[in-house]
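Structure record follows, encoded as structure tokens.
Number of protein chains: 2
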Amino acid sequence: MSDYKDEQARESIDNAKDLVIDSLAETMDIYGVTRSAGTLYGTMYFEGDMTLDEMRDKLGMSKPSMSTGVKRLQEFNAVKKTFRRGQRKHTYVAERDFFQFFSNFFSHKWEREVNLNLQAIRSAQDQLSAIMESNDISAETYNEANEVYEVLENSKPYYYWLQRMATMIRSGEIFDIVPLHPPENEQE
Amino acid sequence: MSDYKDEQARESIDNAKDLVIDSLAETMDIYGVTRSAGTLYGTMYFEGDMTLDEMRDKLGMSKPSMSTGVKRLQEFNAVKKTFRRGQRKHTYVAERDFFQFFSNFFSHKWEREVNLNLQAIRSAQDQLSAIMESNDISAETYNEANEVYEVLENSKPYYYWLQRMATMIRSGEIFDIVPLHPPENEQE
DNA sequence: TACTTTGTTAAGATTTTATTTAACGTTTTG
DNA sequence: CAAAACGTTAAATAAAATCTTAACAAAGTA
Chain V
1 MSDYKDEQAR ESIDNAKDLV IDSLAETMDI YGVTRSAGTL YGTMYFEGDM
51 TLDEMRDKLG MSKPSMSTGV KRLQEFNAVK KTFRRGQRKH TYVAERDFFQ
101 FFSNFFSHKW EREVNLNLQA IRSAQDQLSA IMESNDISAE TYNEANEVYE
151 VLENSKPYYY WLQRMATMIR SGEIFDIVPL HPPENEQE
Chain H
1001 MSDYKDEQAR ESIDNAKDLV IDSLAETMDI YGVTRSAGTL YGTMYFEGDM
1051 TLDEMRDKLG MSKPSMSTGV KRLQEFNAVK KTFRRGQRKH TYVAERDFFQ
1101 FFSNFFSHKW EREVNLNLQA IRSAQDQLSA IMESNDISAE TYNEANEVYE
1151 VLENSKPYYY WLQRMATMIR SGEIFDIVPL HPPENEQE
């Protein structure tokens, strides 16, 4: 057994990891998370729990970057704070269960979408109602207000549906419906 | 009926629309689509089909911005090209059915995630297999390669699941499972 | 075929976002 | 209690994305 070959092999393992780390980073980029936060997540995914200094060493970036990166990932529970015995530094661990990651991520985003838009719709409809109730407006203006009101009203079922989706995913109920493992083909 | 009040009412309608347009733009921002593309979408959502020049006038931006914005929205079928009789200019229309929008958007993104990562995993595993098959490596290195290999292998069920989710959403099958309208409570 | 009109690409300018260095406050430790 | 370690915030810098003006190419019209 040659030490040279062994070292080469270790490099190759790191290379294989990097392939996946990059892919995870690009995945997060798809959903609007910065590539650098994605790289951080990918690194933690393989490394297990890490301190900010360990992240800094691994990624060759500054500590404040690690701090803000971790913070951003925490927003949707992609990383959690952990306790490492006899360690003064804070340690963080990446969520390694992608199903859990998916649940955290999309329930969070979808709920945000629902709340944001339902609130905007509510405000807009209030405003439109006020217009329609006023007397000194033309029929044309009334109709336009009414039309917009109805368009908004008709969009509500979507948000209610999305809320149900978010709830099902957050609770894990979705996995009863779309099972983790595909159903086997029926035997004759 | 005073013309002044009517004009005021019209402004108020536009204001109500803007509230929702901003909210749609912020929604798209959540998912990593730029706010300006989101604003464009929101505008088209209310306006119906538009030419690039109409968009430019409405948003007070340059035509190339409109062109690239439309292009970006087309990537996930948020807008489609339409034909307006006797119109030489191209016209575009926003997808107004949010269920359809959701289907287009997430099936597109999820399929991209699946393909991206499964391919990276495949490459990484090939590389790791080659290492494990080589003779001149330490037991420790072998074990590390094997460990990473297994971690990747264990992540595959997630991607297969996500592919099924994407397929269900693209096909509309999801709406059989999570209905558009919530089931009524049973009568006693 | 020459002249418009339309949409896109290219280059430059501007703005926004990300990253780093430096400073600060807090906690721990000798 | 002083000194050091740690994490975060602030300010400055660097990098990236966006937008505009200008040039170009393609299609349509006279």
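Note that the protein sequences, when read in sequence, are chains V and H.
Quick note: the first sequence uses the working numbering, first residue 1, plus one each step.
Quick note: the second sequence uses the working numbering, first residue 1001, plus one each step.
Note that beta-carbon positions come from the ideal geometry of N, C-alpha and C, so glycine has one too.
These figures come from a predicted structure and were not determined experimentally.
Look at Glu26 of chain V: its C-beta is under 8 Å from a C-beta on chain H.
A distance below 8 Å separates the beta carbons of Gly1069 of chain H and Ala1037 of chain H. Using a Cβ distance threshold of 8 Å, Ala1145 of chain H and Ala124 of chain V do not count as a contacting pair. Residues Phe1076, Asn1077 of the same chain have their beta carbon placed closer than 6 Å to that of Asn1104 of chain H, with the five preceding and five following residues left out of the count. Among the residues of the stretch 1067-1098 of chain H, those with a Cβ less than 7 Å away from any Cβ of chain V are Phe1098, in the order of the chain. Close to Gly1038 of chain H, with beta-carbon spacing below 9 Å, lies no residue of chain V; the smallest spacing is near 12 Å.
The Cβ atoms of Val93 of chain V and Gly48 of chain V lie closer than 8 Å to each other. Taking all protein chains shown into account, Ser23 of chain V has 16 or more neighbouring C-beta atoms within 10 Å of its C-beta and is therefore buried.
DSSP assignment within the stretch 1077-1159 of chain H yields the following whole beta strand (DSSP E) runs of 3 residues or more, N-terminal first: 1079-1082, 1091-1094. For the C-beta of Lys1109 of chain H, the chain V residues within less than 8 Å are, from N- to C-terminus, Ile30, Tyr31. Taking the CA atoms as reference points, Asp176 of chain V sits about 26 Å from Thr27 of chain V.
Under the Cβ distance rule, Pro157 of chain V counts among the residues neighbouring chain H, one pair being separated by less than 8 Å. In this chain, Met61 of chain V is not harboured by any alpha helix (DSSP H), its DSSP state being neither H nor E. Beta-bridge annotation (DSSP): Met1165 of chain H is not paired with any residue. The distance from the Cβ of Leu1019 of chain H to that of Ala120 of chain V is about 5 Å, consistent with a contact at the 8 Å cut-off. Between Thr1167 of chain H and chain V, the shortest Cβ-Cβ separation is not below 8 Å. Residues of the same chain with their beta carbon placed closer than 7 Å to that of Asn143 of chain V are lacking, with the five preceding and five following residues left out of the count. With at least 16 other beta carbons inside 10 angstroms of its own, Ala9 of chain V counts as buried.
For Glu26 of chain V, the enclosing alpha helix (DSSP H) begins and ends at 3-30.
By the 16-neighbour rule on beta-carbons within 10 angstroms, Asn1135 of chain H is exposed. In this structure, DSSP gives Thr1034 of chain H a state outside helix and strand, which the three-state scheme calls coil. In the DSSP assignment, Asp176 of chain V falls within the unbroken alpha helix (DSSP H) covering 174-177. Under DSSP, the beta-bridge partners assigned to Thr51 of chain V are V:Thr91. In the three-state DSSP reduction, Glu184 of chain V falls in the coil class, being neither helix nor strand. Arg164 of chain V is not a Cβ neighbour of Ser107 of chain V, given a cutoff of 8 Å.
Here Tyr158 of chain V is not near Leu118 of chain V, since their CB atoms are 8 Å or more apart.
With a threshold of 8 Å between beta carbons, Asn1143 of chain H makes no contact with chain V. Contacts with chain H at 8 Å (Cβ-Cβ) do not include Lys58 of chain V. Within chain H, no residue has its beta carbon less than 7 Å from that of Lys63 of chain V; the closest one is some 26 Å off.
Rounded to the nearest whole angstrom, the C-alpha separation of Lys1005 of chain H and Leu128 of chain V is 14 Å. Between the alpha carbons of Phe99 of chain V and Ser12 of chain V lies a gap of roughly 28 Å. Along the stretch 1160-1184 of chain H, the positions whose C-beta sits under 9 Å from a C-beta of chain V are Tyr1160, Trp1161, Leu1162, Arg1164, Met1165, Met1168, Ile1174, Phe1175, Ile1177, Val1178, Pro1179, Leu1180, His1181, Pro1182, read in chain order. For Asn146 of chain V, the nearest beta carbon of chain H is not closer than 8 Å to its own beta carbon. Rounded to whole angstroms, the separation of the alpha carbons of His1181 of chain H and Arg1072 of chain H is 31 Å.
Sequence-distant partners of Ala25 of chain V (beyond 5 residues in either direction) whose C-beta falls short of 6 Å from its own C-beta, in its chain, are Arg35, Gly38, Thr39, Gly42.
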